[in-house]
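Chemist: Quick one: the structure is below, questions incoming.
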Amino acid sequence: MNASVGHILRSLSAILVCLLFAAGAAFGQESAGQADRTIQSLRDDLQRVLSEIQLPTVTDQQLTEDRRMLEATRTKALLEAEKLVAPLNNLDQQITRLGAAPTDASTEPQPIAEQRAVLDASQKRLKAAKAQLEVIAVEAEQASGRAASIQRDQFFSRIFERSKSILNPSLWYDTGVGIIQLGQRLGSLFSTWWKEVQGTADFAELLVIPLIFAAFSILFMVLRQRMSRWLDAGVLASRSPDEIDRLWRVVRGILSMGLLLIAVLLVIDLGLNVSGLSTPRLTLFVSAVSGVISSTVLNSVLAHRLTAPGLPAWRIVALNEPSAVRFPLLFSLAAFVAALTDELQKLTDSLFLPLANTIGQSAVSAAAMVVLIALILLIFGSQDETEEPLVERKSYFRWSSQFAPFAWVLLGVATVALLLGYIALANYIVQQMFDTAVLITVLFLVHHLADAAVASSVDPSSAFGRFLRRVGGFTDRGISRLGLLVRIVVDLLLVVIGLPLLFLQWTVTWVDFRSIINTAFFGFKIGDVSVSLWSVLLLVLIIASGIVLTNLVIRWLDARVLTGSSLDKGVQDSVRKGGSYAGYLLAGIFALSAAGLDFTNLALVAGALGVGIGLGLQSIVSNFVSGLILLAERPIRAGDWITIAAGEGIVKRINVRSTLIETFDKSAVIVPNSLLIAEPVRNWTYGDGAGRFAILVTTGYDQDPEKICELLLGIANAHRAVMSDPPANAILFGFVDLGMRFELKGFVADVFEGVFVASEIRIAIHKAFKEKGIQFPVVNLEREIKRPKQS
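The sequence shown begins at 1 in the numbering used here and counts up one residue at a time.
In structure tokens:
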């Protein structure tokens with residue numbers, strides 16, 4: 001009977017366990033099914049792209065789209081693989097709760113065995129799916145690399161493709177024919193467009209464009225009156241601007257013109273759409289014209305604001321007035337040629353014009369850009385500095401003159417390429433030179449503006465500085481720290497944004513950066529440790545939080561415990577340092593553990609530490625351990641007066657690696673902690689702060705030695721700072737050629753007062769000897785002896 005009851009109970013227990021694990025197994029099966037469907041879809045996309053990039057007729061645009069698709073496939077595969085981590089961990093926990101399968105002849109209950117088999121099958125299926133997803137991610141990355149290689153090969157073959165030289169008359173004949181064909185195609189485009197819209201367009205709706213422009217004009221006039229202080233040239237000429245005024249005027253001009261262009265283009269687009277005049281053919285032409293106008297106008301504003309013709313006080317670059325007038329004109333022409341070349345290239349491709357037309361356009365634009373860039377370089381290189389107006393101001397971008405030789409070399413290469421028929425290469429060089437110069441100028445403008453804003457905020461007399469102090473309630477120290485943080489953040493942002501843009505100018509596409517971001521986001525493995533962006537951010541966050549928390553605890557300990565205690569300053573400093581080291585160590589351990597480092601393998605940690613010490617960390621480890629010994633044993637403490645071979649002074653701070661000693665002439669001596677442990681150190685304040693002073697006095701042989709000793713002893717005992725225990729004493733120290741030499745010894749509670757007490761006693765001795773008619777010898781050899789109190 002009892003056996004039957006036990007069998008029933010075991011069976012019920014097994015059934016309950018199976019019910020508990022059934023949900024987990026079902027969840028694992030569902031995750032595996034979804035992963036299988038995703039794998040099949042990703043495989044199809046991958047095979048389609050692989051077959052497309054292997055075609056000999058694949059174009060550069062198709063390769064760019066394929067690389068974008070491959071990166072999307074890789075990202076999705078990695079994300080799906082990450083999603084399988086949680087189900088796998090859940091299955092592992094369930095299998096662990098089931099326990100190990102019997103290894104002997106005994107058998108486990110049938111329901112548990114079946115559940116174990118289901119869990120094992122789900123686990124294997126999920127692991128296989130995760131492995132396939134990771135393989136797809138690797139294959140997509142490799143395929144993207146092959147596509148990038150094909151794209152680079154096509155780029156170089158296109159760039160270094162040789163055509164006719166600019167000295168060949170047939171090139172210019174073909175260019176003329178191409179221009180005529182372009183005009184004919186544009187005429188056909190407008191003719192077709194007019195046929196499409198003439199019956200349906202409502203021309204009355206076009207009135208919305210001038211109405212909105214009129215509203216904008218009125219608003220601009222009102223704002224101009226309100227902001228005449230910043231917009232009026234006469235006022236600008238009479239003002240004495242600071243650095244933030246000059247730099248902000250450039251940035252403000254670009255932003256204002258950009259917003260104005262956006263508003264104008266939106267109004268035109270709105271009017272064309274409302275009236276029914278907008279068609280895909282017209283949009284193609286309007287987009288090209290808008291691109292040329294926008295690029296030319298923005299670059300023209302940039303050049304005018306940099307050189308400020310007629311306003312030398314607002315000038316950013318080091319140019320005299322004639323150069324400041326010529327530079328914006330040349331720069332605007334270069335911007336116009338560059339933008340026109342890009343838009344004509346798009347139009348030519350869209351209108352299916354012959355290749356000869358493209359080559360001719362590139363030859364004309366490349367030759368024009370070479371001339372314009374050369375003239376711009378001549379302006380900066382040959383201006384007469386004696387003509388510079390006598391205006392006190394800071395000039396920026398002086399460093400750019402160092403790159404002038406390199407720019408001349410590139411122009412020379414472009415010129416030779418034009419003469420030899422490498423039109424695409426020449427056009428590519430001059431276009432990238434101009435675009436790179438504009439990009440670097442804008443980035444450094446923002447950099448200098450941030451520096452000027454920080455400098456202005458630190459100055460309490462500036463308007464910006466007063467605003468921060470009044471509104472934000474910042475102190476000078478807080479503003480200085482905030483300014484440093486702003487500088488760091490702005491510089492990092494400029495690097496993060498500027499470098500990809502610079503690489504983009506020189507054929508590196510955004511897909512390359514997307515691949516880098518994917519690698520950083522999803523991580524890579526070093527041994528068994530996975531390094532990813534999130535793990536690094538988590539490590540930094542934990543360390544920063546640990547440092548902040550440790551500092552808060554130490555501040556609380558200092559304010560609430562140590563300050564109100566009777567402990568001396570050395571003990572308090574030891575407690576602070578020990579608590580700080582312990583907090584930082586715990587923060588580092590928690591951060592490394594969260595990042596994936598397994599501290600259970602102590603042999604690995606010890607081996608790494610041993611290798612590090614053997615490779616040159618002996619002194620660092622020795623100094624660190626010596627610092628811990630100094631904090632624990634406290635042979636010296638912060639505030640002690642010590643004498644070592646390197647000098648004599650006060651211990652200011654005991655750090656991890658070294659101890660800072662401030663000498664009596666206010667110089668700093670930084671001593672490695674190991675020297676304070678290994679070499680003799682004289683501590684004048686060890687145990688207590690008492691110290692002894694000794695004064696030598698010489699008198700003639702005509703004086704009574706006993707009365708001199710009584711007089712000296714009375715003077716010492718009369719001083720407030722001389723201790724009575726141990727008592728002072730005066731003795732006849734010896735006989736010299738000039739007379740008898742006496743020594744007065746006494747103790748003071750604070751050794752740092754010893755030198756001042758000794759000076760005051762000497763003054764008192766001089767007065768007493770003068771009153772009693774006691775004469776000093778002509779030469780008085782006196783020396784002061786300072787020693788710590790002997791126990």
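Ideal placement from N, C-alpha and C gives every residue a C-beta, glycine not left out. Here the structure is a predicted model, which is why all the values come from computation and not from measurement.
Which stretch, first to last residue, makes up the alpha helix (DSSP H) that contains P672?
Modeler: Run containing P672: none in the alpha helix (DSSP H); it sits in the beta strand (DSSP E), 668-672.
Chemist: If you follow the beta strand (DSSP E) that M740 is part of, which residue opens it and which one closes it?
Modeler: Residues 739-748.
Chemist: Can you tell me whether L55 is helix, strand or coil according to DSSP?
Modeler: DSSP places L55 in coil when its eight states are reduced to three.
Chemist: Quick one, which of L70, A32, R762 has its alpha-carbon nearest V118's?
Modeler: Here the closest residue by C-alpha is A32.
Chemist: Since V430 and A366 are thought to touch, with beta carbons under 8 Å apart, how far apart are those beta carbons, to the nearest angstrom?
Modeler: Yes, they are in contact, since the Cβ atoms of V430 and A366 sit about 6 Å apart, within 8 Å.
Chemist: Quick one: what's E321 bridged to in DSSP?
Modeler: DSSP output for E321 lists no bridge partner at all.
Chemist: May I have the straight-line CA-CA distance separating L418 from K164, to the nearest angstrom?
Modeler: So the two alpha carbons sit approximately 9 Å from each other.
Chemist: Whose CA, out of I542, I543, L541, Q572, lies closest to the CA of W556?
Modeler: Among I542, I543, L541, Q572, the Cα nearest to that of W556 belongs to Q572.
Chemist: Roughly how many whole angstroms lie between the Cα atoms of W506 and Q432?
Modeler: One C-alpha to the other measures close to 7 Å.
Chemist: Considering only the alpha carbon of each residue, which of K346, L133, Q61, P87 lies closest to R37?
Modeler: Among K346, L133, Q61, P87, the Cα nearest to that of R37 belongs to L133.
Chemist: Give me the residue from V755, R653, A214 with the minimum Cα distance to D640.
Modeler: Checked all of V755, R653, A214; the closest Cα to D640 is R653.
Chemist: Between L628 and G583, which are expected to be in contact by the criterion C-beta below 8 Å, what is the C-beta distance as a whole number of angstroms?
Modeler: Between G583 and L628 the Cβ distance is about 15 Å, and since that is not below 8 Å, they are no contact.
Chemist: Can you list, in chain order, the residues of its chain whose CB lies under 6 Å from that of R116, leaving out five sequence neighbours each side?
Modeler: Only L98 meet the Cβ criterion.
Chemist: Would you call the stretch 266-278 in contact with the stretch 175-192, where contact means no fewer than 3 C-beta pairs closer than 8 Å?
Modeler: With a cut-off of 8 Å, the stretch 175-192 and the stretch 266-278 do not count as touching, because too few Cβ pairs lie within range.
Chemist: Taking the straight line between their C-alpha atoms, what separation do you get for S256 and R249?
Modeler: The alpha-carbon atoms of S256 and R249 are separated by roughly 10 Å.
Chemist: Per the DSSP calculation, L696 is bridged to which residue(s)?
Modeler: The partner list for L696 (beta bridge, DSSP) reads E743.
Chemist: What are the start and end residues of the beta strand (DSSP E) that includes S188?
Modeler: First-last for S188: 169-197, but that is the alpha helix (DSSP H), not the beta strand (DSSP E).
Chemist: Per DSSP, what kind of secondary structure is R682 in: helix, strand or coil?
Modeler: Three-state result, R682: strand.
Chemist: Cα-Cα, which of D451, L378, A452, V370 is closest to G412?
Modeler: Out of D451, L378, A452, V370, V370 has the C-alpha closest to the C-alpha of G412.
Chemist: If you compare alpha carbons, which of I715, L696, P102, A318 is closest to L732?
Modeler: Closest option to L732, Cα to Cα, is L696.
Chemist: Count the other CB atoms within 10 Å of the CB of E71; is the residue buried (16 or more) or exposed (fewer)?
Modeler: Buried, since its Cβ has 16 or more Cβ neighbours within 10 Å.
Chemist: On a Cα-Cα basis, can you pick out the residue from L410, V416, Y396, F467 that is closest to I440?
Modeler: Per the Cα distances, Y396.
Chemist: Go ahead and pull the three-state DSSP assignment for K164.
Modeler: Correct three-state label for K164: coil.
Chemist: Whole angstroms are fine: how far does the CA of A137 sit from the CA of L79?
Modeler: For L79 and A137, the distance between alpha carbons rounds to 10 Å.
Chemist: So the candidates are G754, P680, V85, G773; which of them puts its Cα closest to the Cα of D702?
Modeler: When each option's Cα is compared against that of D702, the closest is G773.
Chemist: Determine, using beta carbons only, whether P309 and P328 come nearer to each other than 8 Å.
Modeler: Cβ atoms of P309 and P328: closer than 8 Å.
Chemist: Since F794 is in the beta strand (DSSP E), which residue starts that stretch and which ends it?
Modeler: In the structure displayed, the chain extends from 1 to 791; residue 794 sits before or after that span and is not available.
Chemist: For the beta strand (DSSP E) containing V651, name the first residue and the last one.
Modeler: 647-654 is the span of the beta strand (DSSP E), which, as asked, contains V651.
Chemist: To which residues of the same chain is G483 closer than 7 Å at the C-beta, ignoring the five residues directly before and after it?
Modeler: Once the five neighbours on either side are set aside, the close Cβ partners of G483 are V454, S457, V458.
Chemist: Going along the chain, which unbroken runs of the alpha helix (DSSP H) with 4 or more residues stay wholly within the stretch 231-288?
Modeler: Taking only runs of at least 4 residues, the alpha helix (DSSP H) segments lying wholly in the stretch 231-288 are 233-238, 243-275.
Chemist: Can you tell me whether N90 is buried or exposed? The criterion is at least 16 other CB atoms within 10 Å of its CB, across all chains shown.
Modeler: That one is buried.
Chemist: Measure the Cβ-Cβ separation of L375 and L330 and say whether it is below 8 Å.
Modeler: Result yes, Cβ atoms of L375 and L330 sit closer than 8 Å.
Chemist: Could you tell me the boundaries of the beta strand (DSSP E) in which W641 lies?
Modeler: Note, W641: beta strand (DSSP E), 641-644.
Chemist: Quick check on this structure: which residue in N299, L42, V496 has the alpha carbon closest to the alpha carbon of K76?
Modeler: The shortest Cα separation from K76 among N299, L42, V496 belongs to L42.
Chemist: According to DSSP, simplified to helix, strand and coil, what is G99?
Modeler: DSSP places G99 in coil when its eight states are reduced to three.
Chemist: Run through the DSSP bridge pairs and tell me what E793 is partnered with.
Modeler: It is not possible to answer for residue 793, since the shown part of the chain is limited to 1 through 791.
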